[in-house]
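Notes to accompany the following structure.
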Ligand code: ARG
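In UniProt numbering, the protein residues as written are 1 to 280.
In structure tokens form, the structure reads like this:
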């Protein structure tokens, strides 16, 4: 028998899976307070430009064949555009979010009300502080969970019990990367990219053990929130400024789709922050 091997410089072919996303139009987006180092209320923000950039992101998802729902934005909640923080979904279940800062507290019940109507089998009101898919990243049959700035470790145990999936705690140490989804990108059910220096030494070892073949991002790509991607397993929506990461993604057989979300970056978010995946 002849065993055919792919030449090692040919990337593995990647396959996409149709996704269901929830987004929130940035009608009330501005930077009026600062709860992360990216936010400077003295830097002007164009809500119109944010709307145009967001609309383009939504259109890309639709063109890729994904379903996109939108939740009504609430006046006075400028960060509600960052839908990833509104909850976590896996296996047809949703865990609501409980925000660390009072400025965002009212987003929790708003997203929870939407999730209750979304046809999921179980929807749980959160007990411990957790900022949804900002800090909980579903990778195949496991959940990676960030802590250090926003989500409390107690929420990691709560998520494991609720979803029945193993939850791996990771400690973030650099305030620029205050949510896990700013430091680590899920590309498919077993592939991630991350910026090691955003993690404690022990968490770096955990990541090396779990994902020995991970894509390692540079600081230059991390500081433009290049890791804040949305991937359908093949197409990866990524900040256009993350040029090195874009090249790495292509070399690994993914199809990068660069986007400019420069206005939303002023609030400390990129494409993933604006997108909550609904996993039924
Ligand atoms: N201004 C928001 C905050 O600091 C940005 C949230 C970004 N979301 C994310 N999933 N990383 O809470």
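Don't be surprised by glycine CBs; every beta carbon is placed ideally from N, CA and C.
The bridge partners DSSP lists for residue 203 come to none.
Within the same chain, 24, 25, 27, 28, 80 come within 6 Å of residue 73 by CB-CB distance, once the 5 residues on both sides are set aside.
Collapsing the DSSP output to three states places residue 264 in a helix.
Taking a cut-off of 8 Å on C-beta distances, the stretch 206-217 does not touch the stretch 172-179, as fewer than three cross pairs fall below it. Contact between the stretch 215-223 and the stretch 232-251 is present, with at least three C-beta pairs closer than 8 Å. When DSSP reads this structure, residue 122 sits in a beta bridge with 93. Out of 30, 48, 47, 49, the CA that lies nearest to the CA of residue 40 is found in 30. Residue 157 and residue 144 have their C-alpha atoms some 12 Å from each other.
Looking at 11, 278, 16, the one whose alpha-carbon comes closest to that of residue 65 is 16.
Assigned with DSSP and collapsed to three states, residue 31 falls in coil, not helix or strand.
For residue 134, the CB contacts under 6 Å within the same chain, skipping 5 residues up- and downstream, are 84, 85, 179, 181 in chain order. About 18 Å separates the Cβ atoms of residue 126 and residue 92, ruling out a contact at the 8 Å cut-off.
Bounds of any alpha helix (DSSP H) do not take in residue 146; it lies within the beta strand (DSSP E) bounded by 142-147. The beta carbon of residue 85 sits closer than 6 Å to at least one heavy atom of the ligand ARG. The nearest non-hydrogen atom of the ligand ARG is 6 Å or more from the C-beta of residue 129. Distance from the C-beta of residue 273 to the nearest heavy atom of the ligand ARG is below 6 Å. If you draw a 10 Å sphere on the C-beta of residue 169, you find 16 or more other C-beta atoms in it, and that means buried. Exclusion of the five residues before and after residue 190 leaves 140 as the residues of its chain whose Cβ lies within less than 6 Å of its Cβ.
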